[in-house]
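Note sheet for the following structure.
Number of protein chains: 4
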Amino acid sequence: MIIVMKPHASKESIDHVIDIVKSNGLEVHLSAGKEVTIIGVVGDKSRLSNRNLELAPEVDKLVPVTESYKLTNLKFHPQPTTVKVGNTQIGPGSLTVMAGPCAIESREQLLLIAREVKKAGATFIRGGAYKPRTSPYSFQGLEEEGLRYMKEAKEETGLSTICEVISAESIEAAVKYIDMIQIGARNMQNFQLLREAGRSGLPVLLKRGLSATIDEWLNAAEYIIAEGNENIVLCERGIRTYETSTRNTLDISAVPVLKSKTHLPVIIDPSHATGVRAYVAPLSKAAVAVGADGLMIEVHNNPACALSDGPQSLTCEQFDALARELAPFAALAGRKFHGQ
Amino acid sequence: MIIVMKPHASKESIDHVIDIVKSNGLEVHLSAGKEVTIIGVVGDKSRLSNRNLELAPEVDKLVPVTESYKLTNLKFHPQPTTVKVGNTQIGPGSLTVMAGPCAIESREQLLLIAREVKKAGATFIRGGAYKPRTSPYSFQGLEEEGLRYMKEAKEETGLSTICEVISAESIEAAVKYIDMIQIGARNMQNFQLLREAGRSGLPVLLKRGLSATIDEWLNAAEYIIAEGNENIVLCERGIRTYETSTRNTLDISAVPVLKSKTHLPVIIDPSHATGVRAYVAPLSKAAVAVGADGLMIEVHNNPACALSDGPQSLTCEQFDALARELAPFAALAGRKFHGQ
Amino acid sequence: MIIVMKPHASKESIDHVIDIVKSNGLEVHLSAGKEVTIIGVVGDKSRLSNRNLELAPEVDKLVPVTESYKLTNLKFHPQPTTVKVGNTQIGPGSLTVMAGPCAIESREQLLLIAREVKKAGATFIRGGAYKPRTSPYSFQGLEEEGLRYMKEAKEETGLSTICEVISAESIEAAVKYIDMIQIGARNMQNFQLLREAGRSGLPVLLKRGLSATIDEWLNAAEYIIAEGNENIVLCERGIRTYETSTRNTLDISAVPVLKSKTHLPVIIDPSHATGVRAYVAPLSKAAVAVGADGLMIEVHNNPACALSDGPQSLTCEQFDALARELAPFAALAGRKFHGQ
Amino acid sequence: MIIVMKPHASKESIDHVIDIVKSNGLEVHLSAGKEVTIIGVVGDKSRLSNRNLELAPEVDKLVPVTESYKLTNLKFHPQPTTVKVGNTQIGPGSLTVMAGPCAIESREQLLLIAREVKKAGATFIRGGAYKPRTSPYSFQGLEEEGLRYMKEAKEETGLSTICEVISAESIEAAVKYIDMIQIGARNMQNFQLLREAGRSGLPVLLKRGLSATIDEWLNAAEYIIAEGNENIVLCERGIRTYETSTRNTLDISAVPVLKSKTHLPVIIDPSHATGVRAYVAPLSKAAVAVGADGLMIEVHNNPACALSDGPQSLTCEQFDALARELAPFAALAGRKFHGQ
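Protein sequence lines correspond, in order, to chains X, Y, B and A.
Quick note on numbering: this note's numbering labels position 122 of the first sequence as 122, and the sequence is numbered without any gaps.
Quick note on numbering: this note's numbering labels position 86 of the second sequence as 1086, and the sequence is numbered without any gaps.
Quick note on numbering: this note's numbering labels position 61 of the third sequence as 2061, and the sequence is numbered without any gaps.
Quick note on numbering: this note's numbering labels position 76 of the fourth sequence as 3076, and the sequence is numbered without any gaps.
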């Protein structure tokens, strides 16, 4: 950490800051410029966590030098992580495609879609059993019943399964039925839930919060990994901006940024990022080209009647066509894709 | 709801949309312009919730006409609500001031601050027992022990008490010890928690999400009120924008906007909105002038050593001085303030 | 346009609105719902431009149905436009690559870079002669002298030339020396400049404003096209958001959104979008995959000493390597790229 | 400036950076931590402006320590500036109210409004003669004719006059007729215009750009002041955020932030900030309470027929009522207000 003093700060104020730092067992390096004096703090800055140095006299600002996330940080773990889920793996060399309906509506619906996306090349079936909805008057999900259908879909098709969890109870249920759990955007900073996901032992897909910075996102992942669970995949799904022609703004740069900051795999969800079916195919190709490790795509047998997110869902036929288009992009990007 | 067709849409496409609407028991009004045909839907549009009309051929867009929140909507409940908590009330005619430390650190600390803020004119002591922190390596709160100290503070000073809750368990504990619960910004769309807060029977302070629109915020309040709990107070605490000179951007316009959309009281938290102690006093005065029903302010006996949010906390002396400054503004705004 | 009345608006208020509309020579379609009455306005709504109907009693809101941009609108011009510049063309079937330094620093620098980017496959040399800089103490450009070097670069290499203009004088100078002018992000709503660019007769590259919506951007293009100049290319260069790990946030979805709204070509500038050299290559590939008609990339012979934007500039060798990587993506996207 | 090296950077890389700094005539202070080495640069960092140190091997990031704006910086000019315009002054101790129509529509309209706002207590008449409009099909202003009406309004009422300028020509015209010029939000980074405004000799009102940070805004003011013109007033008019219930989001915290960073006066424009008439009065009171030096408010004799911005304009009667309400707030804030 660096402490920047106000211009022409008095020796007394500078000494006061130095005293606080030293009395907490840390060393300082002083750099006295013509106008501004800078105090570098050497050692573990967490020792200063309850000393609010910005309140000391004539302190202008504190500048952090190292990130607050450690276990997810590429600097301390320079090899990319591959996350294993069932027979599949997410990470370098693979293009993982997770597909399925926003909400599980019935056993028949889920099995039908599972068969179709399997045929087209997906390796995961996704589907919501617990639905966080903006309005309390919208469909809220089939809950545990939905998870049982997921298990059945896996048994029939061999696809790996992923569902969103929203509470300790839903994690307990998930452990019994499915392969991977998802923390949704609205819960990215539900720290209680992150810890419980960490302890569940299941691989976790952590979606980016609606307006989370990349640093906050990696700190959220740190909550999971700090519980001993390293099987984390990050999922960019659009951030909130002033632009309204898409539901959110897909931050595609997040992929190369994350590749420079963390060892965890990153996938992209173009369906939630845009909210518009017609934009899913071009953005999926862009995601592969930019270096994402996978895609999460909403697919529905009859989008016009979907109970949730119909307008952004592909039909099974559209998904099949997209998978064919993606295959040569995956090959160019050096990734194995089942659909090939 | 209004359905806007694409320019020169075919009669076939228009009839198709009309058929869907009518087959769901609703009426249409057709408005055929020179280029564009508009179809007004008359009746309860929730009947169309699983018909995704934007996917029908030649539909350009759907335009909602009524809001999705009902019980919190001023249109259907035109009198402002006054929320009663203990011996105090929040709403028209009063300026409620909630003050206290970000985190409860010890029994002594809390009682000391409670006495001081009571003397200065606050009617609520606030303090966090369960702390949602961005990094897992920061102090996470005293939990139930903290709640017991709150109860003690109430018994000694007569102040009403408010604490943030983050899970079903913390709500259960809160019911035993405190007067009002707070849903924090990061949990504004934790719908499970909203429902449980609704069922708790306690008055609820609902903070605005980090990047929530006002409509999403009112829909979140709708989750609570739909459980039969009308004792809801909204708290504006800054939204996320590109500006970094304050931690968040206080959306002060939210106060008059909310006054035109809902009957629920609105308070402002200038401490979290800015993250800087020096800005708390001017923004508190602005909050009173703009018509807020109250303020939530962080006060600490020794901010330089606070375990959380020290840089934005006032000292007890600063809070006392602010209360004196606020009194004439409260009078001008036609609000009773204990500190007067 | 649709006029939505407040719930249970009086007949008098409804009639008052209808009178205003009719007295301006327009027709209405009335749609009286159970709670809300909707008034559709049929005809040219510009006749109501000086009647502020939202101020009429019991009007809730106005909902525009058609866009305010006409000549740039795909609805009224459904074929994609190809813009011809010199011997090259920008639009369907081509991948146009514009490359060069942020600022023209000297004749030697520009000619050296022009030769290198030509060799690698660019068809345009870009370079700033008039530099809009955030601080008045930064390098401001060589002005007309720079334009002369651009002309020389064109004569030697055959590349087309593009420079930013910032005033009527710089447009006058540009007409003498270069092939295409650029309106920068900071001037996207400098309406005076847009009109003058329209009248210049030169093709115009219109960058998206720092926080412009897509609709505002198309309205800005409408200023140019309304002067009779249809040779407009749009350039997405990142928008301002709360995320700080990149200088701006590249809104890659803008490409498919624009393709659904306008007939004008769209290119992407990954250099300004991110401000970081290492992210330029992955985002360039994403841009091609998503369907952009071209790229604008900063290239410098010695980025470590560039007078402007060095950190985001590729070296000539890096650009050459990128061009080789882009070629198969261009082929997959069905676009001809000189570098192939 | 501080240069932060990557963890465990080699001695060679560190020496390379030190060599660059020293060879540019600057000194370094080295602070070697356990993991990270920090290099403090002592001296005038502008000497490094063409050395892009972030590109040197193993450099992690550069951290600026001092601001790039100097003459507008409170650190180097600690007394607040009072700007004199005609017989009035803007700054400490006064509440300046500028009022008038968005666009000057006719001589009669302007004179009528001028008389009314004068009576209510305004000291400035505002009115647009050159209108930057989002769509080219909207009313664009009376230009020089409008400026002449402003002069007439001044002669009759004694009010000071202010108009927006959008080009060198409009500044030339303004010098002949009016007292103060305004640079609008869309031109805040039109650096050519800023320089010309600086050279005009007239006091300048500089509106904040649509999505400008406070630092960019002060750098824009630096362009004006660097031409020797110190008579600058800043005007906060709302920033672009994701919230759509107001046209922009009024960043009221900008007032105390600016007071801590610059000596220039700051006023607030609640009309453009919200776009809604009903919100102007509460926000005006908040602006006075927060410490603004003045207000700019749109007033129209017949908002229902205004050619521009009618929905946000007060009627003359509403403005008069607001002035009466503001007077006691001004008194509380220790500011003289003509309307008292």
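Here a beta-carbon is modelled for each residue, glycine too, at the ideal position from N, C-alpha and C.
Being a predicted model, the structure only gives us computed values, none of them experimental.
Going along chain E, which residues have a C-beta under 7 Å from residue i?
i               : result
K1285 (chain Y) : Here the protein chains are X, Y, B and A, and chain E is not one of them.
Using C-beta distances below 8 Å, list every residue in its chain close to residue i, excluding the 5 sequence neighbours before and after it, in chain order.
i               : result
L3147 (chain A) : A3129, C3163, A3173, A3174, K3176, Y3177 and I3178
G201 (chain X)  : V175 and N229
G1334 (chain Y) : G1093
R51 (chain X)   : I20 and N24
So, using beta-carbon positions, are residue i and residue j closer together than 8 Å?
i               : j               : result
G1209 (chain Y) : R1247 (chain Y) : no
I2166 (chain B) : V2065 (chain B) : no
M1098 (chain Y) : A1114 (chain Y) : no
S46 (chain X)   : V3042 (chain A) : no
L55 (chain X)   : A1278 (chain Y) : no
D2251 (chain B) : E2236 (chain B) : yes
N187 (chain X)  : N1190 (chain Y) : yes
M5 (chain X)    : V36 (chain X)   : yes
S1160 (chain Y) : T1088 (chain Y) : yes
G2310 (chain B) : A2273 (chain B) : no
A2221 (chain B) : E2196 (chain B) : no
P1136 (chain Y) : A226 (chain X)  : yes
G3100 (chain A) : V3299 (chain A) : yes
T368 (chain X)  : E2243 (chain B) : Residue coverage of chain X in this structure runs from 1 to 340, which leaves residue 368 (chain X) outside it and unanswerable.
G3040 (chain A) : I38 (chain X)   : yes
C1316 (chain Y) : E1108 (chain Y) : no
Between residue i and residue j, what straight-line distance do the alpha-carbon atoms span, to the nearest angstrom?
i               : j               : result
E3058 (chain A) : V2288 (chain B) : 31 Å
F1124 (chain Y) : L1258 (chain Y) : 23 Å
L2026 (chain B) : D2044 (chain B) : 7 Å
S2271 (chain B) : D1269 (chain Y) : 39 Å
V1017 (chain Y) : L1053 (chain Y) : 7 Å
A1153 (chain Y) : F1319 (chain Y) : 18 Å
P78 (chain X)   : H263 (chain X)  : 7 Å
L111 (chain X)  : Y149 (chain X)  : 8 Å
T2241 (chain B) : K261 (chain X)  : 20 Å
G1033 (chain Y) : P1007 (chain Y) : 9 Å
G2127 (chain B) : D1019 (chain Y) : 58 Å
K3022 (chain A) : D3015 (chain A) : 10 Å
S3138 (chain A) : Y2223 (chain B) : 11 Å
E1067 (chain Y) : N1024 (chain Y) : 20 Å
E144 (chain X)  : L2295 (chain B) : 49 Å
N2231 (chain B) : D293 (chain X)  : 39 Å
So, at 6 Å on beta carbons, what are the nonlocal neighbours of residue i in its own chain, with the 5 sequence-adjacent residues on each side left out?
i               : result
P3092 (chain A) : P3080
V2290 (chain B) : I2252 and V2255
K3285 (chain A) : F3329
L3193 (chain A) : N3187
For residue i, which residues from the same chain have a beta carbon less than 7 Å from its beta carbon, with the 5 sequence-adjacent residues on both sides left out?
i               : result
F2076 (chain B) : K2070
Q1140 (chain Y) : K1131 and R1133
E3105 (chain A) : L3307
A2009 (chain B) : T2037 and E2058
Assuming residue i contacts residue j under a Cβ cut-off of 8 Å, what Cβ separation, rounded to an integer in Å, is found between them?
i               : j               : result
A2185 (chain B) : K2151 (chain B) : Rounded, the Cβ-Cβ distance is 25 Å, inconsistent with contact.
What are the residues in the segment 3046-3057 of chain A lying within 9 Å of chain B by C-beta distance?
Result list: S3046, S3049, N3050, R3051, N3052, L3053, E3054, L3055 and A3056.
Compile a chain-ordered list of the residues in the segment 184-213 of chain X whose CB is closer than 7 Å to at least one CB of chain Y.
Contacts with chain Y (Cβ-Cβ distance below 7 Å) from the segment 184-213 of chain X involve R186, N187, Q189, N190, F191, Q192, L210 and S211, listed in chain order.
Please identify, using Cβ separations under 9 Å, the residues of the segment 3086-3102 of chain A that lie next to chain B, in order along the chain.
Identification of residues in the segment 3086-3102 of chain A having a C-beta nearer than 9 Å to some C-beta of chain B yields an empty set.
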